[in-house]
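*Asks:*
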């Protein structure tokens with residue numbers, strides 16, 4: 253099945269929204285979380301999700317959440 257570029261963009265936007273909501277539940281905010289617009293510039297875009305930069309406090313909270321998910 254071929255996924256059209258508009259479908260790829262929509263899927264990327266949806267996953268960004270899902271990530272934002274999931275992180276909000278555990279009180280983590282990644283301020284730069286977004287679809288990377290540069291990755292949309294090619295003829296057949298393959299969108300990347302930009303997780304971006306965050307401060308040390310946010311990185312520590314995210315690491316703690318992820319540590320809690322380990323079996």
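Residue numbers (our numbering): 253 to 323. Think of the CB as a built atom: it goes at the ideal place given N, C-alpha and C, for glycine as much as any other residue.
Quick one: what's residue 300 bridged to in DSSP?
*Replies:* 288
*Asks:* So for residue 295, helix, strand or coil by DSSP?
*Replies:* coil
*Asks:* For residue 262, does the three-state DSSP call read helix, strand or coil?
*Replies:* helix
*Asks:* Report all residues from its chain with a CB closer than 8 Å to the CB of residue 302; omit the five preceding and five following residues, and keep chain order.
*Replies:* 284, 285, 286, 287 and 288
*Asks:* If we count the other Cβ atoms within 10 Å of its Cβ and call it buried at 16 or more, is residue 290 buried or exposed?
*Replies:* exposed
*Asks:* From 299, 313 and 319, pick the residue whose C-alpha is nearest to that of residue 279; which is it?
*Replies:* 313
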